[in-house]
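Undergrad: Chains as they are written, first to last, in the working numbering: chain A, 1482 to 1800; chain B, 630 to 993. Please see the structure below; I have some questions.
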Amino acid sequence: MTPAPSPEVLQAPLVVEFPFTRSLGPVQSAFLTGLREHTVLGVRTTDGRVLVPPVEYDPVTADELADLVEVAPTGTVTTWAWNPSPRRGQPLGTPFAWVLVRLDGADTALLHALDAPGPDAVRTGMRVRIRWAAEREGAITDIACFEPYDGAEGGEAVPHRGAFTDPVSGIVAPARLDYTYAPGRAQSRYLRALADHTTYGERCPSCRKVYVPPRGACPTCGVATEEQVEVGPRGTVTTFCIVNIKARNLDIEVPYVYAHIALDGADLALHARIGGIPYDEVRMGLRVEPVWSEDGRYPDHYRPTGEPDADYDTYKEML
Amino acid sequence: MREVAIVAFGQSDHRRDTAETSEVEMLMPVLHQALDAVGLRAGEIDFTCSGSCDYLAGRAFSFTMALDGVGAWPPISESHVEMDGAWALYEAWTRLLTGEAETALVYSYGKSSPGDLREVLTRQLDPYYVAPLWPDSVSLAALQAQALLDAEVTRDRGGPGDIVADERALAGVAARSRTAAEGNPHAQLAGSPPPETLLDEPYLVRPLRRHDCPPVGDGAAAVVLAAGDTARRLCRRPAWIRGMDHRTEAHSLGVRDLTRSPSSRLAAERAGAFEAPVDLAELHAPFTSQELILRRELRLGADVRVNPSGGALAANPMMAAGLIRLGEAAAAIHRGAADRALAHATSGPCLQQNLVAVLEGEAS
Ligand SMILES: [Zn+2]
């Protein structure tokens, strides 16, 4: 038994980016198209309140709502928070106040940014107006921000048909989140050893099975695994499939074979590509060995060793 | 109705960064802590339910990796909520009430360290009108705090059900919580200067200072539930769940009165919290202003011990902090430090969703 060392944990940047594409219902479409046209729409509830921004269902009664009204681009701050260091994606790049603004004619408040010189220039009850974005496309960001305003108050909400030429029917909301991925103790050890062309599994102290790649736990017993066991490098193909679809960003000619490989000494098969043999000659029981990637940090694929095929009985438990 | 109790509780030491362990590696000692307390092995549990969030990990279906920790082979009866573990506990409770299971293991975990939590949490907001503005979680809490401060300036003070909310009161919550956390070996933050000194600190997002906000950190928790006589067999003094309810409010902040939490009030009512006084309350109030709001809605008088664990201001591991409130309240009953306790969990911005449970120990 090798007592496991505690190597420095691996870390790597991980970026998750997704352009969420969303369709709009009639109410949201009218609201966002309206912003593009310098028009702020709300929706009137069955009991007469005006919701801005508008929603399709009343948050109190759950009634379906479609009775559109136009409200003023001026309003009153109902609460605020001073943001001294704007973050990526926020409406303004200089310090600003987050505000909830009840537009004149509305009964509810809209969240946005207020451009103000400092926190002492902001208070609940202050009057503000919309500053429109120079370029508008039918999105909440068509409102660049709010700005202080001391002109006349807007009037009551007035009916609006919500009809515009070329209405927007959807939005694309890009999102990006940055992470630092750390695979933890067991996988860090596995990846470090792999760079030395050594494959480690971990043995369960309870059922004695050897798991590869190790994740620090035995999924059968629910106990931590610590004992490192060197496995491979050779192994046996337990099952396989022939891939006929070319993956994007993957420079491998199709068809190719993807297989489950039981490394010698392991009790769980891992999966990898098989090379060095025509795809239609790969078979269960084929003995294979790793071919290392150009930078030598992981097996790029496995190729036949030339040994006789393994007996079915030696790998049937791992199918 | 079948009786169901919390019979064991375990939690990790909550820390800013746990890069040296994967989620399952962080979770496993906690699972064993809870199971060992009642002498059960993972394979002997009838139903398992967990809470976690893919957005924290930045990986789809990340919870499936944690299943290795509960021995999910051969197949077990299992469920997952993409929420705080308090809601996983609610699901397990209903499963036990139906008689389909005699025991349940509930666990939850969250590592905030891999990402930027304030940005990650913007992705839970309304994607049409709010999320494109990327308002971070501290800023939204600050809007709520300012609304509370404004409301208290105009309100008659000292009346029944009223609260005094000024920046001094907020600092008082912070100082009391973190001083209490000195007795909690799992807390991420413990100890605090007096409130007057805290008020000298600069604002983080005005009106919130750093002490008004929870620490960002990693952690995990696990709870074992059992029904009737099984609970009595496993635990000397089970923490019986007398009632539990959860409610949600409109997602749009601008339609809500941010100084109130009607969903907490309603959940407490339905959970039976107002039928008799409680002697202890574990509130999931990540921001100081939220504790003041919750105290009023949950009708907690000055005689109720609130968050002797330090609460979420001392450790707020996402997805676990709510379950920890239930666990801490239950543990106080287990050791005889409380007879009737209220536990609360929240989720979403500005107390959007709230869960309340009432726990009782039998007279011994
Ligand atoms: Zn095992």
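Quick reminder that beta carbons are idealized off the backbone N, C-alpha and C, glycines included.
Name the chain D residues whose beta carbon is nearer than 7 Å to that of residue 1660 of chain A?
TA: No chain D appears in this structure, whose protein chains are A and B.
Undergrad: Please check the pair residue 675 of chain B and residue 731 of chain B, which I expect to be a contact at CB under 8 Å, by giving their CB distance rounded to whole angstroms.
TA: Right, their Cβ atoms sit about 5 Å apart.
Undergrad: With H, G and I counted as helix, E and B as strand and the rest as coil, what does DSSP make of residue 638 of chain B?
TA: Note: residue 638 of chain B maps to strand in three-state DSSP.
Undergrad: Which residue's Cα is closest to the Cα of residue 1622 of chain A: A:1576, A:1519, A:1532 and A:1587?
TA: With distances taken between Cα atoms, residue 1622 of chain A lies closest to A:1519.
Undergrad: Mind reading off the beta-carbon distance from residue 679 of chain B to residue 714 of chain B? Whole number of angstroms is fine, and I expect it under 8 Å.
TA: Indeed they touch by this definition, with Cβ atoms about 7 Å apart.
Undergrad: What does a CB cutoff of less than 8 Å around residue 1585 of chain A pick up in its chain, not counting 5 residues either side in sequence?
TA: Answer for residue 1585 of chain A: 1552, 1553, 1555, 1556, 1557, 1634, 1635 and 1636, listed in chain order.
Undergrad: What does residue 701 of chain B reach in chain A if we use C-beta pairs closer than 7 Å?
TA: Those are 1700, listed as they occur along chain A.
Undergrad: Just the chain A side, please: which residues come within less than 8 Å of residue 694 of chain B by C-beta, in chain order?
TA: Going along chain A in sequence order, the residues near residue 694 of chain B (Cβ under 8 Å) are 1696.
Undergrad: To the nearest angstrom, how far is the alpha carbon of residue 979 of chain B from that of residue 723 of chain B?
TA: Answer to the nearest angstrom: the Cα atoms are 27 Å apart.
Undergrad: With a 10 Å radius around its C-beta and 16 neighbouring C-beta atoms as the bar for buried, classify residue 820 of chain B as buried or exposed.
TA: Its Cβ having fewer than 16 others within 10 Å, residue 820 of chain B is exposed.
Undergrad: For residue 706 of chain B, which residues from the same chain have a beta carbon less than 6 Å from its beta carbon, with the 5 sequence-adjacent residues on both sides left out?
TA: Correct list, in chain order: 676.
Undergrad: When you measure from the CB of residue 1704 of chain A to every non-hydrogen atom of ligand 1, does any distance come out below 8 Å?
TA: Residue 1704 of chain A: yes, Cβ under 8 Å from ligand 1.
Undergrad: Comparing C-alpha positions only, which one of B:941, B:692, B:939 and B:908 sits nearest to residue 927 of chain B?
TA: For residue 927 of chain B, the nearest C-alpha among the options comes from B:908.
Undergrad: Kindly say whether residue 738 of chain B, judged by its beta-carbon, lies nearer than 9 Å to any beta-carbon of chain A.
TA: With 9 Å as the cut-off, residue 738 of chain B does not count as an interface residue toward chain A.
Undergrad: What is the rounded straight-line gap between the Cα of residue 1566 of chain A and the Cα of residue 1799 of chain A?
TA: Approximately 55 Å between the Cα atoms of the pair.
Undergrad: Taking Cβ positions only, does residue 990 of chain B come closer than 9 Å to chain A?
TA: No, residue 990 of chain B does not count as interfacial toward chain A.
Undergrad: How big is the Cα-Cα spacing for residue 1503 of chain A and residue 1537 of chain A?
TA: Near 15 Å, if we compare the C-alpha coordinates of residue 1537 of chain A and residue 1503 of chain A.
Undergrad: Does the region 1708-1720 of chain A come close enough to the region 1754-1766 of chain A that 3 or more CB-CB pairs lie under 8 Å?
TA: Result yes; three or more Cβ-Cβ pairs closer than 8 Å.
Undergrad: Is there at least one non-hydrogen atom of ligand 1 closer than 8 Å to the beta-carbon of residue 1464 of chain A?
TA: Here chain A covers residues 1482 to 1800 and nothing more, so residue 1464 of chain A does not appear.
Undergrad: Using a Cβ-Cβ distance cut-off of 9 Å, determine whether residue 1519 of chain A contacts chain B.
TA: Chain B contact via Cβ: absent.
Undergrad: Any chance the CB of residue 1690 of chain A is under 8 Å from a heavy atom of ligand 1?
TA: Yes.
Undergrad: Taking DSSP as the reference, what is the three-state secondary structure of residue 916 of chain B?
TA: Correct three-state label for residue 916 of chain B: coil.
Undergrad: Applying the criterion that 16 or more other CB atoms from any shown protein chain within 10 Å of the CB defines a buried residue, is residue 1604 of chain A buried or exposed?
TA: That one is exposed.
Undergrad: Is it true that the region 764-773 of chain B meets the region 798-808 of chain B, where meeting means three or more beta-carbon pairs spaced less than 8 Å apart?
TA: Short answer: they don't touch.
Undergrad: Any heavy atom of ligand 1 within a distance shorter than 8 Å of the CB on residue 842 of chain B?
TA: Because no heavy atom of ligand 1 lies under 8 Å away, the Cβ of residue 842 of chain B does not count as near it: no.
Undergrad: For the candidate residues B:711, B:944 and B:871, whose alpha-carbon lies nearest to that of residue 985 of chain B?
TA: Minimum Cα distance to residue 985 of chain B is reached at B:871.
Undergrad: Out of A:1727, A:1733 and A:1747, point me to the one whose CA is closest to residue 1709 of chain A's CA.
TA: Closest by alpha carbon: A:1747.
Undergrad: Using C-beta distances below 7 Å, list every residue in its chain close to residue 1639 of chain A, excluding the 5 sequence neighbours before and after it, in chain order.
TA: Hits under 7 Å: 1550 and 1551.
Undergrad: Does residue 1613 of chain A come within less than 9 Å of chain B when only Cβ atoms are used?
TA: Not an interface residue.
Undergrad: Identify, in the order they occur along the chain, each residue of the same chain with its Cβ nearer than 6 Å to the Cβ of residue 867 of chain B, setting aside the five sequence neighbours on each side.
TA: For residue 867 of chain B, where only same-chain residues beyond five positions count, the Cβ hits under 6 Å are 634, 636 and 860.
Undergrad: For the region 1569-1623 of chain A, which segments carrying the beta strand (DSSP E) assignment without a break, of at least 3 residues, lie completely within its bounds, in sequence order?
TA: Counting whole runs of 3 or more residues, the region 1569-1623 of chain A contains the beta strand (DSSP E) stretches 1577-1584, 1591-1595 and 1608-1613.
Undergrad: Give, in chain order, every residue of the region 754-774 of chain B whose Cβ lies closer than 7 Å to some Cβ of chain A.
TA: So the list reads 756, 757, 758, 759, 760, 761, 762, 763, 764, 765, 768, 771 and 772, given in the order they occur along the chain.
Undergrad: Where are the beta strand (DSSP E) runs, 3 residues long or more, that stay fully inside the region 903-955 of chain B, in chain order?
TA: The qualifying runs are 909-911.
Undergrad: List the DSSP bridge partners of residue 1501 of chain A.
TA: According to DSSP, residue 1501 of chain A bridges with A:1654.
Undergrad: Can you tell me which of B:884, B:852, B:690 and B:944 puts its alpha carbon nearest to the alpha carbon of residue 1539 of chain A?
TA: For residue 1539 of chain A, the nearest C-alpha among the options comes from B:884.
Undergrad: Could you tell me the distance, in whole angstroms, from the CA atom of residue 661 of chain B to the CA atom of residue 685 of chain B?
TA: Cα-Cα distance, rounded: 24 Å.
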